[in-house]
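Numbering (the numbering used here), first residue to last: -10 to 309. Every residue, glycine too, gets a C-beta built ideally from N, C-alpha and C. All values derive from a computational prediction rather than experimental measurement. For reference, the structure discussed in these notes is given below.
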Amino acid sequence: MLNSIISSLFIKLSQSKVLPIFGFCLIFIGGSLKAQQEPMYSQYMFNMLHVNPAYAGNRAVDNITALYRKQWVGLKGAPTTATLSWDRRQEQSNVGYGLQIYDDCLGIESTTGFQAFYSYRIPFEKSFLSLGLSAGVLNYRAAYTQTSAVQSGDPLLQEDINGFIPTAGIGVLYATENWYAGLSVPALLDTKINTKNEQVTTSANNHYFLTGGYIFNVSEILNLKPSVMLKAVKGSPIQCDFNLNGWFQDFIGLGVSYRTGDAFVGMFELQISPQFRIGYAYDYTIYNLNLYNSNGTHELMLRYEFNNRKSKQLLSPRYY
């Protein structure tokens, strides 16, 4: 969805040799500016907190995850995203909570965000239902004064934009011993900052995320987890991620993904210790932007659990 629009702009701007001003063209719509979309990751299936707040405290330990994503390596102004998240839940409690900070840059615009998460789970005999909420604030910035306009003196490019934007989200997760499904709206608010640095908040043209996965115990040494994520928003075609991850002796993980109309993804995970995991993903673009970017997208994940006591929950947290 968003990536296809951005790629078309990159191509046109590259051909017209005015790439330095692409950030302005991308974010200027009708005299107002929107904060960026939710940050995108390829390894989201191993850290679902930013997709669905109902995942807060999914494992009854203190969990810290760091992600760094460099998109379309070699293209000037291409997206770069870094996040650091923490969540936990006490083993005998049904309440989970977490925090996340992230920095997302695209051309002349950047967003630094802080979010808090809360979840409450309702346990059943062999499953549970979790309800989640998120709330936070984003610092949105657009460096207009750094652009190189074709016609100098444009009054809209004489001042930078810098403002704070509220954010909120909801989600629900249902999980059994072998499968799970979740539905979420990570961004309930549609907040804009106009060229006068004035904040305007309305009801959002919401993005809906539907996720699901199943865990197959193939053998004593191999577990397979196919999963899917559907992203829907009014006025755009539904985008789907189809994923397949395999874990060998709970030590090495290999995975592949296909993001419709966007990219193929290869993933490698290594459980270095019971507490520490490292992961890497490479996205290979399959649409026209690939003509201008042969280096793809790189993503690194680090995850650490401070307490590795075995959880009494039925679904192994190692796989999602």
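If only uninterrupted beta strand (DSSP E) runs of at least 3 residues are considered, those enclosed by the region 221 to 299 are 228 to 237, 241 to 248, 252 to 260, 265 to 274 and 286 to 294. Between residue 255 and residue 276, the C-beta gap is not smaller than 8 Å, which leaves the two residues out of contact.
Contact annotation: residue 176 and residue 121 have beta-carbon atoms that are not nearer than 8 Å. DSSP, read as helix, strand or coil, puts residue 44 in helix. By the C-beta density criterion, residue 216 is buried, having at least 16 other C-beta atoms within 10 angstroms. Around the beta carbon of residue 76, 16 or more other beta carbons sit within 10 angstroms, so the residue counts as buried.
The secondary-structure analysis by DSSP pairs residue 196 across a beta bridge with 222.
Within the DSSP bridge table, the entry for residue 98 names 95 and 131 as partners.
The region 57 to 71 and the region 104 to 112 do not touch, with fewer than three beta-carbon pairs separated by less than 8 Å. In the three-state reduction of the DSSP assignment, residue 177 falls in the coil class, being assigned neither a helical nor a strand state. When DSSP states are grouped into helix, strand and coil, residue 30 belongs to the coil group.
Residue 169 holds the alpha-carbon nearest to the alpha-carbon of residue 116 among 169, 66 and 160. By DSSP's assignment, residue 84 forms a beta bridge with 109.
By alpha-carbon distance to residue 225, the top candidate from 209, 212, 99 and 250 is 250. Residue burial is scored here from C-beta neighbours: residue 80 has fewer than 16 other C-beta atoms within 10 angstroms and is therefore classed as exposed. For residue 155, the uninterrupted beta strand (DSSP E) run begins and ends at 150 to 165, by DSSP. Of the residues 292, 181 and 173, the one whose Cα lies closest to the Cα of residue 195 is 173. Of the residues 292, 291 and 286, the one whose Cα lies closest to the Cα of residue 67 is 286.
Separation of the CB atoms of residue 56 and residue 41 is rounded to 16 Å, and the pair is thereby denied contact status at 8 Å.
Nearest in C-alpha terms to residue 208, of all of 123, 236 and 155, is 236. In the displayed model, residue 64 falls within coil according to three-state DSSP, outside both helix and strand.
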